[in-house]
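First residue of the sequence shown: 1, per this note's numbering; consecutive thereafter.
Reading through the structure tokens given below for one structure.
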Amino acid sequence: MQRKFIVNIIILIGLNLLIKPFWIFGIDRTVQNLVDAETYGMYFALFNFTFLFNIALDMGITNFNNRSVARCNDFLKESFARIFSLKLLLFVFYFMLMLITGIVIGYNSLQIKMLIPLLINQFLAGFILYLRSNISGLLLFKTDSLLSVIDRVIMIVFCGILLWGNVTTQPFQITWFIYIQTFSYAFTCLLALAIVIHKSSFHTPFIDLRFFKTILRKSIPFAILHLFTSIHNRVDTVLIERLLPLETGAAQAGIYASAYRLLDAGIIVAYLMSVICMPLFSNMIAQKKKVNDIVKTSFILLYIYGLIIACASFVYNHELMDLLYVKHVTESAAVFRVLMLSIFPIVLTYIFGSLLTANGNLKQLNIIALSGVGINILINALFITRWGAMASAVAAIVTHLYIVMVEIAIAMKKFQFQISRTFILRLSIFAFGVMAINLISYRLPFHWGIDFIIMLIATLVLVFVSRLINIKQVLSLFKAS
1 MQRKFIVNII
11 ILIGLNLLIK
21 PFWIFGIDRT
31 VQNLVDAETY
41 GMYFALFNFT
51 FLFNIALDMG
61 ITNFNNRSVA
71 RCNDFLKESF
81 ARIFSLKLLL
91 FVFYFMLMLI
101 TGIVIGYNSL
111 QIKMLIPLLI
121 NQFLAGFILY
131 LRSNISGLLL
141 FKTDSLLSVI
151 DRVIMIVFCG
161 ILLWGNVTTQ
171 PFQITWFIYI
181 QTFSYAFTCL
191 LALAIVIHKS
201 SFHTPFIDLR
211 FFKTILRKSI
221 PFAILHLFTS
231 IHNRVDTVLI
241 ERLLPLETGA
251 AQAGIYASAY
261 RLLDAGIIVA
271 YLMSVICMPL
281 FSNMIAQKKK
291 VNDIVKTSFI
301 LLYIYGLIIA
311 CASFVYNHEL
321 MDLLYVKHVT
331 ESAAVFRVLM
341 LSIFPIVLTY
351 IFGSLLTANG
361 NLKQLNIIAL
371 SGVGINILIN
381 ALFITRWGAM
391 ASAVAAIVTH
401 LYIVMVEIAI
411 AMKKFQFQIS
421 RTFILRLSIF
431 AFGVMAINLI
441 SYRLPFHWGI
451 DFIIMLIATL
461 VLVFVSRLIN
471 IKQVLSLFKA
481 S
């Protein structure tokens with residue numbers, strides 16, 4: 001099980017590391033550099049606005065379905081046609097809700113025009129996740145890995161043609177960017193649908209109100225958790241754009257978007273691990289197997305990853321922002337160095353959140369998430385008018401530190417995990433070592449890029465010196481079974 005787990009993670013992360021960084025830094029970053037900060041800031045605020053109530057699109061069905069299919073594969077054949085119909089009805093409700101909310105909070109005609117395709121994109125992206133939840137629930141991780149990158153490949157091709165193909169004399173429009181995403185999601189959605197239909201003995205979709213009531217009642221705890229998580233993860237830019245004067249708010253939202261892009265990119269690795277961990281934990285718990293080894297392996301990998309990214313971003317903040325952007329570099333770097341510290345607690349929540357979700361501890365997770373929303377909104381409301389985007393960066397750190405500490409405490413109690421002093425010592429040695437390596441490498445008399453590479457090599461050596469990872473065990477995982 002341990003070998004299969006590691007191999008599937010490598011395949012999933014490897015594919016995504018080949019594709020998604022180019023999308024984020026090659027395409028998305030280029031688009032932001034080409035359009036003005038206010039236009040991109042408006043797009044980014046609207047994009048995050050569509051996340052705030054996308055609970056209405058899913059109602060927790062995707063996570064509930066993933067857990068249910070992993071525990072009993074027959075659930076897919078029994079429920080897919082009816083859930084398909086339910087998802088379409090939820091989209092109609094979500095679309096109307098978001099349009100009305102946008103009008104009520106004062107979005108103008110241009111913002112509403114941009115919001116409509118973004119809402120459609122949210123539905124398509126969410127439906128893809130639902131379809132993939134069936135595939136990963138069947139433990140078909142390689143198929144799921146391929147589906148996880150197809151939409152981005154299509155986006156890269158078409159955006160690349162418009163950006164660098166000299167096919168138009170017009171300046172790049174943010175609406176082109178949105179419509180290409182729509183096409184890419186639609187294609188991927190149809191492909192994933194074909195795979196799931198093949199696996200599910202699909203029947204014609206039909207409305208079954210009794211089933212809808214039952215499935216919604218069971219998935220409501222997942223829906224509430226998704227709502228609270230979406231709010232404390234995505235409310236920042238909406239508050240920045242709404243609480244500050246129009247031009248200032250859009251500009252600050254753009255600055256925050258510049259910093260947030262690397263955080264969003266960094267989180268991908270943890271999210272991908274959770275895609276495998278959630279159904280795997282659910283399956284193991286249902287079969288009453290011990291999850292200790294998988295949890296420890298996942299924790300160590302993300303502890304190492306999160307700490308390295310957080311420290312490197314804090315120290316090399318201006319260099320990284322200057323490499324990526326041409327506008328507001330100094331302002332973005334200041335926000336970036338603070339915001340990226342939150343990646344360390346965030347990546348760990350993907351493991352312990354997945355574990356507690358798989359175990360059915362939704363009540364505790366919802367209480368944690370709700371209190372996280374309160375902390376995040378309070379800090380933003382108090383300090384955005386004084387600190388601008390920096391307030392949201394501080395709010396992110398405080399919120400996610402609180403969440404991960406409580407989740408770890410609950411997981412240790414529920415699963416009776418034992419932590420040795422030796423393990424804590426190794427974690428501490430690695431943490432202080434990474435901090436020291438970053439500070440020392442930054443002062444080396446070379447180009448910062450060389451310093452950065454030296455830092456990465458030194459931290460990799462430290463991983464094995466601290467014995468967080470045993471190199472013999474790593475090599476043994478890849479020997480023929």
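Just so you know, even glycine gets a beta-carbon here, dropped at the ideal spot from N, CA and C.
Predicted, not measured: the structure shown is a model, and the values here were computed from it.
Problem set entry | Pairwise C-alpha distance: PHE281 and LEU225 | What you label residue 225 is simply residue 225 of the sequence shown in a count that begins at 1. What you label residue 281 is simply residue 281 of the sequence shown in a count that begins at 1. So the two alpha carbons sit approximately 18 Å from each other.
Exercise. What do you reckon, are the CB atoms on LEU339 and LEU263 nearer than 7 Å?
Worked result: Within the sequence shown, the letter at position 339 stands for residue 339. Within the sequence shown, the letter at position 263 stands for residue 263. Their beta carbons are under 7 Å apart, which means LEU339 touches LEU263 by this criterion.
For this session: Verify whether the separation of the beta carbon atoms of ASP485 and SER392 is less than 7 Å.
Result: The requested residue 485 is not part of the displayed model; the chain covers only 1 to 481.
Exercise. Just how far apart, CA to CA, sit THR212 and LEU86?
Worked result: What you label residue 212 is simply residue 212 of the sequence shown in a count that begins at 1. What you label residue 86 is simply residue 86 of the sequence shown in a count that begins at 1. Sequence inspection shows Phe at residue 212; the Thr mentioned does not correspond to that position. Whole-angstrom Cα-Cα distance: 7 Å.
Problem set entry | C-alpha gap between GLU319 and GLN364, whole angstroms | In the sequence shown, counting from the first residue as 1, residue 319 sits at position 319. In the sequence shown, counting from the first residue as 1, residue 364 sits at position 364. Using only the alpha carbons, I get a separation of about 41 Å.
Exercise. Can you tell which of LYS413, TYR271, LYS218 and SER200 has the C-alpha that lies nearest to the C-alpha of GLU78?
Worked result: For the purposes of this step, residue 78 is taken as the residue at position 78 of the sequence shown. For the residues LYS413, TYR271, LYS218 and SER200, the minimum Cα distance to GLU78 belongs to SER200.
Exercise. Along the chain, where does the alpha helix (DSSP H) that runs through THR330 open and close?
Worked result: As a working mapping, residue 330 is identified with position 330 in the sequence shown. Start and end: 329-339.
Exercise. Tell me which same chain residues have a C-beta within less than 6 Å of the C-beta of SER313, skipping the five on either side of it?
Worked result: Within the sequence shown, numbered from 1, the residue matching residue 313 stands at position 313. MET340.
Exercise. What is the residue span of the alpha helix (DSSP H) that ASN166 lies within?
Worked result: Counted from its first residue, the sequence shown places residue 166 at position 166. Element bounds for ASN166: n/a, residue is neither H nor E.
Problem set entry | N- and C-terminal bounds of the alpha helix (DSSP H) containing CYS311 | One-based indexing of the sequence shown puts residue 311 at position 311. Per DSSP, CYS311 belongs to the alpha helix (DSSP H) from 292-315.
Exercise. Can you tell me whether GLN32 is buried or exposed, with buried defined as 16 or more other CB within 10 angstroms of its CB?
Worked result: What you label residue 32 is simply residue 32 of the sequence shown in a count that begins at 1. Looking at its Cβ environment, which holds 16 or more other Cβ atoms inside 10 Å, GLN32 is buried.
Exercise. Leaving out five residues before and five after ALA56 in sequence, what residues of the same chain have Cβ atoms less than 7 Å from its Cβ?
Worked result: Here residue 56 refers to the residue found at position 56 of the sequence shown. Cβ neighbours of ALA56 beyond the five flanking positions: LEU90, PHE93, TYR94 and LEU97.
Problem set entry | Element boundaries [alpha helix (DSSP H), containing PRO445] | Stepping through the sequence shown from its first residue, residue 445 is reached at position 445. Unbroken run through PRO445: none, as it is neither H nor E.
For this session: Find out if the Cβ-Cβ distance for the pair PHE344, ALA310 is shorter than 7 Å.
Result: Within the sequence shown, the letter at position 344 stands for residue 344. Within the sequence shown, the letter at position 310 stands for residue 310. The answer is yes: Cβ separation under 7 Å.
Problem set entry | Three-way DSSP call (helix, strand, coil) for TYR361 in this model | Counted from its first residue, the sequence shown places residue 361 at position 361. It should be pointed out that residue 361 corresponds to Asn in this sequence rather than to Tyr. ASN361 falls in the coil class under three-state DSSP.
For this session: Name the two residues that bound the continuous alpha helix (DSSP H) containing CYS189.
Result: Start at 1 with the first residue of the sequence shown, and residue 189 comes out as number 189. Start and end: 174-200.
Exercise. On the three-pair Cβ rule with 8 Å, is the segment 287-297 touching the segment 374-387?
Worked result: no
Problem set entry | Other residues of its chain near MET114: CB distance less than 6 Å, five sequence neighbours each side excluded | On the sequence shown, residue 114 is found 114 positions in, with the first residue counted as 1. The residues are LEU46.
For this session: Could you spell out where the alpha helix (DSSP H) holding ARG234 opens and where it closes?
Result: Translated into the one-based positions of the sequence shown, residue 234 becomes position 234. Unbroken alpha helix (DSSP H) run through ARG234: 209-243.
Exercise. Could you give the residue range of the alpha helix (DSSP H) that holds ASN63?
Worked result: The residue given as residue 63 occupies position 63 in the sequence shown. That run of the alpha helix (DSSP H) goes 61-71.
Exercise. Which ranges would you report for the alpha helix (DSSP H) in the segment 413-473 if only whole runs of at least 4 residues count?
Worked result: 421-442 and 448-465
Exercise. Going by beta carbon distance, what residues of the same chain come within less than 6 Å of VAL196, once the five residues before and after it are set aside?
Worked result: Translated into positions along the sequence shown, residue 196 becomes position 196. Answer for VAL196: LEU131 and ASN134, listed in chain order.
Problem set entry | Straight-line Cα distance separating TRP387 from VAL104 | Walking along the sequence shown from the start, residue 104 turns up at place 104. Walking along the sequence shown from the start, residue 387 turns up at place 387. Taking the straight line from one Cα to the other gives about 27 Å.
For this session: Would you identify the three-state DSSP class for LYS113, choosing helix, strand or coil?
Result: Start at 1 with the first residue of the sequence shown, and residue 113 comes out as number 113. Note: LYS113 maps to helix in three-state DSSP.
For this session: Kindly indicate which three-state DSSP category LEU139 falls into: helix, strand or coil?
Result: The residue labelled residue 139 in the question sits at position 139 within the sequence shown. Three-state DSSP puts LEU139 in coil, outside helix and strand.
Exercise. TYR256 by DSSP, collapsed to three states: which one?
Worked result: Here residue 256 refers to the residue found at position 256 when the sequence shown is read from its first residue. Three-state result, TYR256: helix.
Problem set entry | ILE128 vs THR188 beta-carbon contact at 7 Å | Reading the sequence shown from its first residue, position 128 is the one you call residue 128. Reading the sequence shown from its first residue, position 188 is the one you call residue 188. Yes, they are a contact pair.
Problem set entry | PHE415 versus MET390, LEU355, ILE150 and ARG443, residue with shortest Cα-Cα distance | As a working mapping, residue 415 is identified with position 415 in the sequence shown. The shortest Cα separation from PHE415 among MET390, LEU355, ILE150 and ARG443 belongs to LEU355.
Exercise. Any idea what DSSP makes of TYR107, helix, strand or coil?
Worked result: The count along the sequence shown starts at 1 and reaches residue 107 at position 107. The answer is coil: DSSP assigns TYR107 none of H, G, I, E or B.
Exercise. Roughly how many angstroms separate the alpha carbons of CYS159 and ILE450, rounded to a whole number?
Worked result: Counting from 1 along the sequence shown, the entry for residue 159 is found at position 159. Counting from 1 along the sequence shown, the entry for residue 450 is found at position 450. CYS159 and ILE450: Cα-Cα distance of roughly 31 Å.
Problem set entry | Candidates PHE49, ASN73 and SER136, of which the one nearest ILE240 by Cα | One-based indexing of the sequence shown puts residue 240 at position 240. That would be PHE49, whose Cα lies nearest to the Cα of ILE240.
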